[in-house]
Amino acid sequence: DQWEVVPGRVASMLVLTAIHDIMKIESLLPRVQPEHAPYNGFRAHDVINDHDVALGYVLDHYGSLLPSYAALPKHEQASIRFTQSKIGFNHGWLVQGEAPPGALFSKFKSVLQSENAPPT
Numbered sequence: 001d002q003w004e005v006v007p008g009r010v011a012s013m014l015v016l017t018a019i020h021d022i023m024k025i026e027s028l029l030p031r032v033q034p035e036h037a038p039y040n041g042f043r044a045h046d047v048i049n050d051h052d053v054a055l056g057y058v059l060d061h062y063g064s065l066l067p068s069y070a071a072l073p074k075h076e077q078a079s080i081r082f083t084q085s086k087i088g089f090n091h092g093w094l095v096q097g098e099a100p101p102g103a104l105f106s107k108f109k110s111v112l113q114s115e116n117a118p119p120t
C-alpha cells in the first residue's frame, strides 16, 4: 500500500487548525438565534460559552463569516462540520492523550449508529 496526499483534505485540516480555537475569544462567542433554538443544550438568546459548541454553531449557521472555511468545497466543509458540530471531536484530547477512549469516542460511535453508517 502506498500513501497519497490529498491536497483538498490537507487544506481542510489547515483551515480547521486555523479556526478551531477562535471561539476562545469571548467577544466572538455567538448568541443562539431564536430560529436555531435549541442548539446543543443552549436556548434562544443564550451565549454559547463552550468554545467547541460555539464554533459548531457558527459553522452550521454562519460559515460564510469564516473566509478560509467558506472557500473550501462543500464536501470539505461538511467534513469539518461533522467533526466540530456533529460529534464534538476534541483533537487536543486525542493528540495529548487527555481523555479515556470512552469519553473521546462515545459520541462518535452514537452518531455513526444513528446515521446508519456502513461498517468498514
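Here full-length UniProt numbering is used: the first residue of the sequence shown is 1, the next is one more, and so on. All C-beta atoms in this analysis are idealised placements derived from N, C-alpha and C, irrespective of residue type, glycine included. This structure is a prediction, so every number in the text was calculated from the model and none was measured.
**Q.** Which listed residue (Ser79, Asp1, Ala18, Leu28) has its alpha carbon closest to that of Asp50
**A.** Counting from 1 along the sequence shown, the entry for residue 50 is found at position 50. The residue from Ser79, Asp1, Ala18, Leu28 with its alpha-carbon nearest to that of Asp50 is Leu28.
Practice item. Helix, strand or coil for Thr120, going by three-state DSSP, please let me know. Key: For this step, residue 120 is matched to residue 120 along the sequence shown. Caution is warranted here: a pLDDT of 47 is assigned to Thr120, below 50, making its placement in the model unreliable, and no coordinate value can be reported.
* Exposed or buried, Val32, counting other C-beta atoms within 10 Å across all chains shown (16 or more means buried)? -> Counting from 1 along the sequence shown, the entry for residue 32 is found at position 32. Counting of Cβ neighbours within 10 angstroms places Val32 among the buried residues, the total reaching 16 or more.
| task | For Arg9, name the three-state secondary structure that DSSP assigns. | result | On the sequence shown, residue 9 is found 9 positions in, with the first residue counted as 1. Under the three-state reduction of DSSP output, Arg9 falls in the helix class.
Q. Can Ser85 and Asp46 be called in contact, C-beta distance under 7 Å?
A. Against the sequence shown, residue 85 aligns to sequence position 85. Against the sequence shown, residue 46 aligns to sequence position 46. Contact: no.
Bounding residues of the alpha helix (DSSP H) (the contiguous stretch that carries Arg81): The count along the sequence shown starts at 1 and reaches residue 81 at position 81. Taken as a continuous stretch (DSSP letters only), the alpha helix (DSSP H) holding Arg81 covers 74-81.
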